[in-house]
Amino acid sequence: MEKPLYTISAQDLCIGYTRKKQEIKVHDGLNFQLLPGQLYCLLGPNGVGKSTLIKTLLGHIPALSGSIYINGKDLKKLSAEQMAKTASVVLTDRVSSGNLHVADLVALGRVPFTNWAGRLAEADLHIIAKAMEATKINYFKDKPLSEISDGQRQKAMIARALAQDGQLIILDEPTAHLDLINRHEIMQLLRTICKTENKSILVITHDLEVAIETADELWLMQCGEPLIQGSPEDLIVSGKIQHLLTSPGLYFDIHHGRVRSTYPDTVTTIHGPAALCQWFLAALYKAGLQHLGSDYEIHLFEEPFKVMVKTPTGGFEGETIRAAVDFLLMAEDERLK
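Start counting the sequence shown at 1; every next residue gets the next number (UniProt numbering).
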């Protein structure tokens with residue numbers, strides 16, 4: 001029998017809930033596929049239906065209409081046991097650890113495969129060991145969950161999902177409570193697992209910058225709009241990435257791959273390299289000084305960095321943006337007296 005091309009495929013999918021025999025539609029017209037060995041990131045504002053989509057894909061709630069196929073099989077015909085052997089999920093909810101140690105948590109991934117007594121076979125132990133090695137958590141595998149960091153806990157949860165050994169791993173905001181370094185480490189770990197283990201991985205995230213760096217494909221969800229799909233690079237150069245930014249005060253900086261604030265009605269002129277001017281303008285805007293006018297001259301120099309300011313009543317020369325902004329604040333106070 002030919003192996004299915006897609007881990008998941010959905011056609012004309014409508015997701016939502018049924019309450020008191022009334023269908024509440026959250027999103028419709030969804031069409032997508034997940035390929036093995038690919039990392040997908042789903043982004044969108046709160047309330048757009050991301051979590052509802054995940055629950056639907058896992059069979060926790062039924063689709064209102066449309067079809068979902070998992071490894072070529074109709075989701076509606078798969079039992080809970082079959083789904084547990086096919087898909088694993090990592091949620092944002094903290095695990096009630098009790099007396100669990102890290103290795104115990106990872107071993108829970110083998111529950112769908114154990115016998116009625118719940119005993120782990122030699123093959124199960126091998127898969128658990130392989131999962132801990134892949135996620136690089138062996139050095140703290142014997143620690144209680146209560147004694148490890150949030151980043152270590154998230155790696156342990158990913159190891160548990162990997163030990164479940166399904167083709168699909170879904171993660172709901174795995175970097176939500178992590179610092180900058182751990183956010184990057186977790187997403188790079190997921191990318192490595194996806195490539196080395198040939199898994200399909202779908203991540204719900206609000207971390208656009210890390211998603212751009214690591215994902216093979218981004219899915220952008222907005223209320224009442226079709227699902228936008230494509231590689232991060234294609235969505236950026238086409239301008240479609242801007243669909244995520246519904247606030248008029250935000251724009252996507254294509255040159256630096258990050259979201260920035262716009263500076264409307266700015267009349268202050270700054271002379272110097274573009275990157276330095278951008279950061280100086282950001283500091284002026286935070287200080288409420290974007291309307292200084294043409295009687296102020298600001299010049300920026302690099303290597304070494306230097307700021308020169310000329311005002312109608314004096315001047316300033318310094319080595320930090322903060323000192324220059326403080327000077328301008330005092331100059332404006334004097335002017336307005």
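In this text, a Cβ means the ideal position worked out from N, Cα and C, and glycines have one as well.
Remember, it's a predicted structure, so these values are computed and weren't measured experimentally.
Taking the beta strand (DSSP E) that residue i falls in, what are its first and last residues?
i, result
"lysine 306", "306 to 311"
"leucine 218", "217 to 220"
DSSP on residue i, reduced to helix/strand/coil?
i, result
"alanine 10", "strand"
"tyrosine 296", "coil"
"methionine 1", "Its pLDDT being 43, under 50, methionine 1 is placed unreliably in this model, and the value from its coordinates should be taken loosely. Methionine 1 falls in the coil class under three-state DSSP."
"proline 36", "coil"
"histidine 291", "coil"
"leucine 171", "strand"
"arginine 119", "coil"
"glycine 109", "helix"
"threonine 135", "coil"
"serine 231", "coil"
Cutting at 6 angstroms between CB atoms, please list the residues of its own chain near residue i, excluding the five before and the five after it.
i, result
"isoleucine 128", "Val106, Ala107, Ala163"
"lysine 310", "Glu297"
Among the options, which one has its Cα closest to the Cα of residue i?
i, options, result
"leucine 13", "Leu300, Ala283, Ile68, Val102", "Ile68"
"glutamine 290", "Glu334, Val325, Lys195", "Val325"
"alanine 80", "Thr320, Ile61, Ser146", "Ile61"
"threonine 52", "Gly314, Gly151, Cys223, Gly318", "Cys223"
"aspartate 234", "Leu227, Pro312, Val48, Glu217", "Glu217"
"lysine 77", "Gln154, Val90, Leu58", "Leu58"
Locate the alpha helix (DSSP H) running through residue i, then write down its first and last residues.
i, result
"valine 325", "321 to 336"
"phenylalanine 280", "274 to 286"
"isoleucine 70", "First-last for isoleucine 70: 65 to 70, but that is the beta strand (DSSP E), not the alpha helix (DSSP H)."
"alanine 163", "150 to 163"
"serine 247", "Per DSSP, serine 247 belongs to no alpha helix (DSSP H) and is neither H nor E."
Going along the chain, which residues of its own chain have a beta-carbon closer than 8 angstroms to the beta-carbon of residue i, five neighbours each way excluded?
i, result
"cysteine 277", "Ile270, His271, Leu300"
"methionine 1", "Summary for methionine 1: the model assigns pLDDT 43, below 50, so the residue's position carries little reliability; its value from the coordinates is reported in the next sentence. Cβ within range, chain order: n/a, list empty."
"threonine 196", "Ala134"
"leucine 35", "Leu5, Tyr6, Thr7, Ser200"
Who are residue i's beta bridge partners in DSSP?
i, result
"proline 144", "His101"
"glycine 44", "Looking at the DSSP assignment, glycine 44 forms no beta bridge with any residue, so it has no partner."
"glutamine 22", "Arg19"
"glycine 239", "Glycine 239 is not bridged to any residue."
Can you list, in chain order, the residues of its chain with a C-beta nearer than 7 angstroms to that of residue i? Leave out the 5 residues immediately preceding and following it.
i, result
"threonine 205", "Cys41, Leu43, Glu173, Thr175, Ala211"
"glycine 166", "Lys85, Thr86, Ala87, Ser88"
"alanine 323", "none"
Got a sec: is the Cβ-Cβ distance from residue i to anything in chain C below 9 angstroms?
i, result
"threonine 268", "Checking the listed chains, one finds no chain C in this structure; it contains a single protein chain."
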